[in-house]
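Novice: Mature numbering (1 follows the signal peptide of the UniProt record, and there is no 0) puts the sequence shown at residues -31 to -1, 1 to 279.
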Amino acid sequence: MALKSFSSRISSLLALSLLLWGTTVLSPAWAASNDDDDDDITDQQSVVDKAALTVQDFFVASRGDDKNNVADLRKNLQNSKGIMICPSVFRLSLVFGGTDGNCVLLARDAKGSWSDPAFYTLSGGSFGLQLGVQDSQAIFFIMSRKGLRDLMDHQMHMGADASASLASMGGSSETGSDIIAQQKAKGLFAGVSLKGVKLGIDSGSNHSYYHQQVGPEDILITMRVNNPGADPLRAILNKYSAGGSTSSSADDDSTSSSGGEASSTPSSGPYPDNYDPEKSYSRQVKTTPLGTSKGKSSHSSTKQPVNLKP
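See below:
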């Protein structure tokens, strides 16, 4: 009995010693790890930065046969009410499948200036003769106020049950659709479809990015919040939407304004060629972000709330 008690005490002391040793020795390493984490940008800022890179990638023609497509994309953007950008949409399918991705939604005001981004999640399942793995980028051009309202709902289902008219991949503004989807994909996949895909508001990311409880209306319509980290994304959208109209063939009204008035962007993109979206933007780009002045956000003081009335 005494031997058993002695062994138990030894085990307890050994456990306590290991705990104290771990606290003393490992704490500096843990603190250093936290310091390293502080050097990295937040998950939300990473999505915003990757969204800007996605826009840059979509609107730069790398081959001759891309030029017509880029021209159509630019026309869609110029005539849009808003844009949803999904920098990375991962889809895996083997008879049964699933879709996952993070997206940002921006809207334009009456002057053609862009709001800050509202965060959304893209998810869903599929069933059919689909086989493969796909990691793609997707852009949704919001061509009408109806389309913007539908995306601002708590959850939107793509496909036959969607209230907005969603065009097929690669549609143009002449189709009269509320939302036009465009996709760039790498990997192997057959039968790309948006049917069954759901878009939901990412309230947690919106709260984290703006440090307050905000919804899509606060971000996109009244535009009462701003994070300077989104200025490069807004700047590149201003660049490619310059000269366009905020009216759309999918709307009945005739009110329009020049998107070019909102653009103060140089001809180059906001990110260098070797930009790493996993690291801090400010640490890689030493100059003032495009579309901003030192100590001042690029948000225009003349920005007007978005009018969603038909």
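Every residue, glycine too, gets a C-beta built ideally from N, C-alpha and C.
Can you tell me whether DSSP reads P86 as helix, strand or coil?
Specialist: Reduced to three states, the DSSP call for P86 is coil.
Novice: For D119, which option in R43, Y209, G169 and Q14 has the closest C-alpha, if you only look at C-alpha atoms?
Specialist: Checked all of R43, Y209, G169 and Q14; the closest Cα to D119 is G169.
Novice: Following the continuous beta strand (DSSP E) through K167, name the residue where it begins and the one where it ends.
Specialist: It spans V166 to I170 - the beta strand (DSSP E) in which K167 sits, taken as one unbroken run.
Novice: Keeping to the same chain, check which residues put their C-beta closer than 6 Å to that of L206; ignore five residues upstream and five downstream.
Specialist: Excluding residues within five positions, the ones whose Cβ falls inside 6 Å are W83.
Novice: So, K50 versus A76, is the Cβ gap smaller than 8 Å?
Specialist: For K50 and A76, yes; Cβs fall inside 8 Å.
Novice: Cutting at 6 Å between CB atoms, please list the residues of its own chain near A107, excluding the five before and the five after it.
Specialist: Excluding residues within five positions, the ones whose Cβ falls inside 6 Å are C55, V58 and Q152.
Novice: Nearest by alpha-carbon distance to residue 333: which of D187, V166 and D26 is it?
Specialist: Not covered by the structure: residue 333. The range shown for the chain is -31 to 279.
Novice: For F110, name the three-state secondary structure that DSSP assigns.
Specialist: Of the three classes helix, strand and coil, the one that applies to F110 here is strand, per DSSP.
Novice: Would Q13 be called buried (16 or more neighbouring beta carbons within 10 Å of its own) or exposed?
Specialist: Classification for Q13: buried.
Novice: Quick check: what's the CA-CA separation for D26 versus V39?
Specialist: One C-alpha to the other measures close to 10 Å.
Novice: Give the secondary structure of K50 by DSSP, where H, G and I count as helix, E and B as strand, and everything else as coil.
Specialist: Coil.
Novice: In terms of alpha-carbon separation, which member of A150, K167 and A21 lies closest to D85?
Specialist: Ranking the options by Cα distance to D85, first place goes to A21.
Novice: For N71 and N45, what's the separation of their Cα atoms in angstroms?
Specialist: Between N71 and N45, the C-alpha separation is close to 22 Å.
Novice: Output the distance between the C-alpha atoms of I190 and T11, rounded to the nearest integer angstrom.
Specialist: Roughly 25 Å separates the two Cα atoms.
Novice: Alpha carbons only, please: which of L117, S113, D122 and M112 is nearest the one belonging to S172?
Specialist: Minimum Cα distance to S172 is reached at D122.
Novice: Below 6 Å CB to CB, which residues in the same chain sit around Q182 once its five sequence neighbours on both sides are set aside?
Specialist: Same-chain partners within the cutoff: H176.
Novice: Rounded to whole angstroms, what's the CA-CA distance from I52 to H180? Just pull it up for me.
Specialist: Rounded to the nearest angstrom, the two C-alpha atoms are 23 Å apart.
Novice: When you compare only the Cα positions, how much space is there between Y178 and T23?
Specialist: So the two alpha carbons sit approximately 20 Å from each other.
Novice: For I111 and L117, I'd like the C-alpha separation in whole angstroms.
Specialist: So the two alpha carbons sit approximately 6 Å from each other.
Novice: From this set, D18, Y89 and S113, which residue's C-alpha is nearest P185's C-alpha?
Specialist: P185 has its Cα closest to that of Y89, out of D18, Y89 and S113.
Novice: Thinking C-alpha only, which one of I149, S113, D147 and F109 is nearest D78?
Specialist: Selected option, being the one with the closest Cα: S113.
Novice: Below 7 Å CB to CB, which residues in the same chain sit around N196 once its five sequence neighbours on both sides are set aside?
Specialist: The residues are D85, Y178 and Y179.
Novice: Using only CA atoms, which one of R193, K19 and I149 lies nearest to R43?
Specialist: Closest by alpha carbon: I149.
Novice: Could you give the C-beta distance for V166 and V73, rounded to a whole number, given that I count them as a contact under 8 Å?
Specialist: Rounded, the Cβ-Cβ distance is 16 Å, inconsistent with contact.
Novice: What separation, rounded to the nearest whole angstrom, lies between the Cα atoms of S92 and V194?
Specialist: Cα-Cα distance, rounded: 27 Å.
Novice: By DSSP, does K153 sit in helix, in strand, or in coil?
Specialist: Three-state DSSP puts K153 in a strand.
Novice: Just curious, the alpha helix (DSSP H) that V17 is in, first and last residue?
Specialist: D12 to F27 is the extent of the alpha helix (DSSP H) around V17.
Novice: Which residues share a DSSP beta bridge with V58?
Specialist: V58 is bridged to G70 and S105.
Novice: Kindly say whether Q14, judged by its beta-carbon, lies nearer than 8 Å to any beta-carbon of chain C.
Specialist: Among the chains of the structure shown, chain C does not appear; only one protein chain is present.
Novice: Alpha carbons only, please: which of L202, S105 and A87 is nearest the one belonging to M192?
Specialist: It is A87 whose Cα lies nearest to the Cα of M192.
Novice: For R203, report the span of its alpha helix (DSSP H) as first-last.
Specialist: Start and end: D200 to S210.
Novice: Pull up the DSSP beta-bridge partners for R77, would you.
Specialist: R77 pairs with W83.
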